[in-house]
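Undergrad: Shown below is the structure under consideration.
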Amino acid sequence: MPVLKLNPAHFSLLLIMLFLLLPSQALYADENALSVSDTGGAIEQLKQLDLADLLEVDVTLDDVFDIFDALVQQQNVQVATGSKQSIARAPAVTSVISAQDIEATGARDIDEVLEMIPGFHVSRHSTAYNPIYSLRGIKTDFQVLMMVNDIPIDTLYTGGRNAVWGGMSVKQIARVEVIRGPGSAVHGADAFAGAINIITKNKNDIDGTRIGSRLGSYNMRDVWLEHGQKLGALDMGLVLEYQTTDGHDPLIRRDGQSTLDQELAHYAIPALSFAPATANLQRKNLDMNLDLGWKYWKLRLGYQGHYDTALGINYNNILDPKSRFEDQRYRADLTYHNPLIADNWDVTTRLSYLDMQSKATENQIQTRPGFTVPVTTGQDFLNYPEGIIFNSGINERQMRLDVSAFYFGFEQHSLRMGAGYSYGQLYEITHETNIDPVTGMPVPLAAGLLNLSDTPYVFLPEEKRKSWYVFLQDHWKFYENWELTTGLRYDHYSDFGGTLNPRFALVWQPIPKLTAKLLYGHAFRAPSFVELYNQNNLIVQGNPNVKAETIDTTELALNYYVNDRLHLGVNIYTFNWQDALQFQFSPDLHKYIVQNNERRKGQGLELEARWKVGKRLSLLANYALQRITTKHINVTSTSQDAYLRADWLLMPKWYLNAQLNWVGSRERNPVDAREDLGAYTQIDLTLRYKDIRYNHWNLAFGIRNIFDEPVIEPSTISEFGEARLPDDLPMPGRNYFIELSYRF
3 MPVLKLNPAH FSLLLIMLFL LLPSQALYAD ENALSVSDTG GAIEQLKQLD
53 LADLLEVDVT LDDVFDIFDA LVQQQNVQVA TGSKQSIARA PAVTSVISAQ
103 DIEATGARDI DEVLEMIPGF HVSRHSTAYN PIYSLRGIKT DFQVLMMVND
153 IPIDTLYTGG RNAVWGGMSV KQIARVEVIR GPGSAVHGAD AFAGAINIIT
203 KNKNDIDGTR IGSRLGSYNM RDVWLEHGQK LGALDMGLVL EYQTTDGHDP
253 LIRRDGQSTL DQELAHYAIP ALSFAPATAN LQRKNLDMNL DLGWKYWKLR
303 LGYQGHYDTA LGINYNNILD PKSRFEDQRY RADLTYHNPL IADNWDVTTR
353 LSYLDMQSKA TENQIQTRPG FTVPVTTGQD FLNYPEGIIF NSGINERQMR
403 LDVSAFYFGF EQHSLRMGAG YSYGQLYEIT HETNIDPVTG MPVPLAAGLL
453 NLSDTPYVFL PEEKRKSWYV FLQDHWKFYE NWELTTGLRY DHYSDFGGTL
503 NPRFALVWQP IPKLTAKLLY GHAFRAPSFV ELYNQNNLIV QGNPNVKAET
553 IDTTELALNY YVNDRLHLGV NIYTFNWQDA LQFQFSPDLH KYIVQNNERR
603 KGQGLELEAR WKVGKRLSLL ANYALQRITT KHINVTSTSQ DAYLRADWLL
653 MPKWYLNAQL NWVGSRERNP VDAREDLGAY TQIDLTLRYK DIRYNHWNLA
703 FGIRNIFDEP VIEPSTISEF GEARLPDDLP MPGRNYFIEL SYRF
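Taking my numbering, the leading residue of the sequence shown gets 3, the next gets one more, and so forth.
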């Protein structure tokens, strides 16, 4: 089994951190020395240390960053059941990341935030370096449900966040709640390996006006505005943020065209690949979020615009410096929540709308101009002098109505029940190309691109999906310190049928500081429209006969609050993943077609620790080990990762955050002849100045990958073991940012 190894530079930094810890412990060995209530010797001691300002600091220390007392306190989470519960007693393995955590670590995008979660790793696609979320070893775009304010934002088209995901800014985030493990009994489809719920800021989270800006490496620029105020009986919260970056320009030494050039070299066909060259990853993002609250009503409006998004590397793993995409998302939800509508009743009704529009804004060239392929085993060749161009536009809308209620009229029982309906459709699918769909021959660009929209040759029909669900959940305190939560949800889909998803959670708290949980859940993932309906594609073909993939997970979780300063957690789980959907090569069709023919089993271990070392220092650490066996090829792969975070009050108003992310060696697929990827350790530092008493100025300096560690993420291979990007995907080296904001 691989073990965690640090090079001398990393080890030195850890020694420095431990050394810095010693004076902090000595200073606060006597807890009463810094008590505000001690107006005698403590004040004199502080004056001698020239730290009298700490008298004010102590009062509001936990309002600055959620890293001191609040770090080990029992936080509440809503994503597990729909109502607020402490993490320790919630019937799921959950994590919460607050806006204070995000600020302390200097995270700039939701992907950086999620790296704090035990067993969660963000890998990368080659195309536009889109994120791949890996949770508990399940590495995919689709098996982790992403929600904003309890509303799914995954697309019908891909089943994930989108074909080209431009990221999500963090200034609008109040907190992020994550379920590790199945959540379909509560949230329905795609809460397979887990669920992510992003809660946006409201008036109470902002309470005033703040403007800010951030500058960084790779020509990164970021400006934002936050405003929250009360207008009579109306609460208003508004966040605007604009980001632009050139990307980190990874050097791609060989791409898919390089491989093809090598194969055709003996035909004396000139090489066409751009490689070695850097991949263009520039993008511009605009995020807006408006939150209006009045009595029991809440209206939230959101917008995400991703402009001038470069692919960098296209879907065929070929360097593409020119292709651009544009993606826009509109969110709206109107929620009525009345906890006092009647005796023992708490009712919530929500109507929501999501509209997503994406299109190519520059010609998307699938192959280089001059692309040549042999037609037969002889000397006949087909040449595409201007390359193969495929421009697509995908528009999608989703509408949902959800009604749920809690009933507390039974002794020792609380019931939650609900139902909902959703309607989703693809509309205005556009398809332009320079290839005749009948003959496969190129059409000169001078004659214009062929518009295949609204024809039988379009790559994806404008399909729709209707679904409805009902659920019932019972929370039963059947004995002193024993609680049982049972839930059952039925979902029915118009395009592939129904699925029933149960879950059970037994929670035992033998002493106030110790909680044990035994959990079981069944979850499913609905096939995406690409997997069902993709057509007229030279490489992949959809299959309308596939069914949903399912998973059964059993977990044992222990949470122990040793004292007010130390919290320990252990999670052990096993899962059985059935009917996994995969594109598999069909010799008859000469294409990849979707099939339900894979079964996987997995086991894992997660360790967590939170330690408030003193009033100036807190530590957070986690470690995860995952093992997954793919049954049809009888191959077991093991992966590990670890995370260490330290937050230190250097002096009044100055805070230092250090993060260490260790990813263990990653095993290749058995048909992949390349060597396994080695482990890496990345360390990030953020130094922040924050005026606690007046909370006007906020200044931060950040260094990412401080030791310039060569971080590499694996590229994919074909079913035949061909690596189209043989040297994988280089990630950013050492980079910097500076941030300044002012609160009015």
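Every residue gets a Cβ at the ideal spot worked out from N, C-alpha and C, and that includes glycine.
Which residue marks the beginning of the alpha helix (DSSP H) containing residue 186, and which one marks its end?
TA: On the sequence shown, residue 186 is found 184 positions in, with the first residue counted as 1. Run containing residue 186: 186-189, per the alpha helix (DSSP H) assignment.
Undergrad: Taking contact to mean at least 3 C-beta pairs separated by less than 8 Å, is the stretch 177-192 in contact with the stretch 546-557?
TA: Because the criterion of three Cβ pairs below 8 Å is met, the stretch 177-192 and the stretch 546-557 touch.
Undergrad: Given residue 537, which residues of its chain have a CB within under 6 Å of its CB, disregarding the five upstream and five downstream residues?
TA: The sequence position of residue 537 within the sequence shown is 535, counting from 1. So the list is empty, once near-sequence residues are dropped.
Undergrad: Could you please give me the residues that DSSP links to residue 237 through a beta bridge?
TA: Counting from one through the sequence shown, the residue named residue 237 turns up at place 235. 232 and 295.
Undergrad: Would you call residue 346 buried or exposed, if buried means 16 or more other Cβ atoms sit within 10 Å of its Cβ?
TA: Within the sequence shown, numbered from 1, the residue matching residue 346 stands at position 344. Exposed is the call here.
Undergrad: Would you call the CB atoms of residue 112 and residue 149 closer than 8 Å?
TA: Numbered from its first residue, the sequence shown carries residue 112 at position 110. Numbered from its first residue, the sequence shown carries residue 149 at position 147. Their beta carbons are not under 8 Å apart, which means residue 112 does not touch residue 149 by this criterion.
Undergrad: By the DSSP assignment, the alpha helix (DSSP H) with residue 531 in it spans what residues?
TA: What you label residue 531 is simply residue 529 of the sequence shown in a count that begins at 1. From DSSP, the alpha helix (DSSP H) with residue 531 extends over 531-535.
Undergrad: With residue 608 as the anchor, note down where its beta strand (DSSP E) starts and where it stops.
TA: Against the sequence shown, residue 608 aligns to sequence position 606. Note, residue 608: beta strand (DSSP E), 593-614.
Undergrad: Just to confirm, are residue 527 and residue 191 a CB contact at a threshold of 8 Å?
TA: In the sequence shown, the residue the question calls residue 527 occupies position 525. In the sequence shown, the residue the question calls residue 191 occupies position 189. Taking 8 Å as the Cβ cut-off, residue 527 and residue 191 qualify as a contacting pair.
Undergrad: Figure out for me which residue from 692, 437 and 438 has the closest Cα to the Cα of residue 654.
TA: On the sequence shown, residue 654 is found 652 positions in, with the first residue counted as 1. Selected option, being the one with the closest Cα: 692.
Undergrad: State buried or exposed for residue 275, treating a residue as buried only when at least 16 other CB atoms are found within 10 Å of its CB.
TA: If you number the sequence shown from 1, residue 275 lands on position 273. Its Cβ being crowded by 16 or more others within 10 Å, residue 275 is buried.
Undergrad: On the CB-based measure, 16 or more other CB atoms within 10 Å of its CB, does residue 358 come out buried or exposed?
TA: As a first step, residue 358 must be located in the sequence shown, where it is residue number 356. Looking at its Cβ environment, which holds 16 or more other Cβ atoms inside 10 Å, residue 358 is buried.
Undergrad: Alpha carbon to alpha carbon, how far is residue 614 from residue 567?
TA: Position 612 of the sequence shown, counted from the first residue, corresponds to residue 614. Position 565 of the sequence shown, counted from the first residue, corresponds to residue 567. Distance between the alpha carbons of residue 614 and residue 567 is about 5 Å.
Undergrad: Pop quiz: residue 662 and residue 650 are said to be a contact at Cβ under 8 Å. What is the actual Cβ separation, rounded to whole angstroms?
TA: Taking the first residue of the sequence shown as position 1, residue 662 is located at position 660. Taking the first residue of the sequence shown as position 1, residue 650 is located at position 648. About 14 Å; that fails the 8 Å criterion.
Undergrad: Among the residues of its own chain, which have a CB less than 6 Å from the CB of residue 123, if the five just before and after it don't count?
TA: The residue labelled residue 123 in the question sits at position 121 within the sequence shown. Closer than 6 Å at the Cβ level, and outside the excluded window around residue 123, lie 136 and 643.
Undergrad: Taking DSSP as the reference, what is the three-state secondary structure of residue 317?
TA: For the purposes of this step, residue 317 is taken as the residue at position 315 of the sequence shown. DSSP places residue 317 in coil when its eight states are reduced to three.
Undergrad: In terms of residue numbering, what span does the alpha helix (DSSP H) encompassing residue 104 cover?
TA: Taking the sequence shown and counting its residues from 1, the one referred to as residue 104 is at position 102. Counting along the chain, the alpha helix (DSSP H) containing residue 104 begins and ends at 101-107.
Undergrad: For residue 622, which residues in the same chain have their Cβ closer than 6 Å to its Cβ, ignoring the five residues on either side in sequence?
TA: The sequence position of residue 622 within the sequence shown is 620, counting from 1. The residues are 612 and 647.
Undergrad: Using a Cβ distance threshold of 8 Å, determine whether the stretch 294-313 contacts the stretch 330-342, with at least three qualifying pairs required.
TA: Segments in contact, yes.
Undergrad: Could you please give me the residues that DSSP links to residue 720 through a beta bridge?
TA: Here residue 720 refers to the residue found at position 718 of the sequence shown. For residue 720, which the question treats as bridged, DSSP gives no partner whatsoever.
Undergrad: Is residue 270 near the ligand ADP, in the sense that its beta carbon is under 7 Å from a heavy atom of that ligand?
TA: This structure does not include the ligand ADP; it has no bound ligands of any sort.
Undergrad: Taking just the CA atoms, how far does residue 159 sit from residue 461?
TA: To locate residue 461, count along the sequence shown from 1; it is residue 459. To locate residue 159, count along the sequence shown from 1; it is residue 157. Going from the Cα of residue 461 to the Cα of residue 159 covers about 12 Å.
Undergrad: Taking residue 296 as the reference, give the member of 260, 234 and 268 with the closest Cα.
TA: Locating residue 296 in the sequence shown gives position 294, counting from the first residue. Selected option, being the one with the closest Cα: 234.
Undergrad: Residue 429: buried (16+ other C-beta within 10 angstroms of its C-beta) or exposed?
TA: What you label residue 429 is simply residue 427 of the sequence shown in a count that begins at 1. Flag for residue 429 reads exposed.
Undergrad: For residue 592, count neighbouring C-beta atoms within 10 Å of its own C-beta (all shown protein chains included) and say buried if the count is 16 or more, exposed if not.
TA: Reading the sequence shown from its first residue, position 590 is the one you call residue 592. Per the 10 Å Cβ criterion, exposed.
Undergrad: Determine the direct distance from the alpha carbon of residue 288 to that of residue 306, and round the result to whole angstroms.
TA: To locate residue 306, count along the sequence shown from 1; it is residue 304. To locate residue 288, count along the sequence shown from 1; it is residue 286. Between residue 306 and residue 288, the C-alpha separation is close to 6 Å.
Undergrad: Is the distance from the Cβ of residue 294 to the Cβ of residue 236 below 8 Å?
TA: Your numbering for residue 294 matches position 292 in the sequence shown. Your numbering for residue 236 matches position 234 in the sequence shown. Yes. Within cutoff.
Undergrad: Using the rule of at least 16 other Cβ atoms within 10 Å of the residue's Cβ for burial, across every protein chain shown, is residue 541 buried or exposed?
TA: Position 539 of the sequence shown, counted from the first residue, corresponds to residue 541. So residue 541 counts as exposed.
Undergrad: Which of helix, strand or coil does DSSP assign to residue 363?
TA: Position 361 of the sequence shown, counting from 1, holds the residue named residue 363. In the structure shown, residue 363 sits in coil (DSSP, three-state: anything other than H, G, I, E or B).
Undergrad: Beta-carbon within less than 8 Å of residue 220's beta-carbon, same chain only, minus the 5 sequence neighbours each way: which residues are those?
TA: The count along the sequence shown starts at 1 and reaches residue 220 at position 218. Only 247, 248, 249, 250, 251, 734 and 737 meet the Cβ criterion.
Undergrad: Check for me: the beta strand (DSSP E) holding residue 206 runs from which residue to which?
TA: Taking the sequence shown and counting its residues from 1, one reaches residue 206 at position 204. No beta strand (DSSP E) contains residue 206, which is instead part of the alpha helix (DSSP H) from 205-208.
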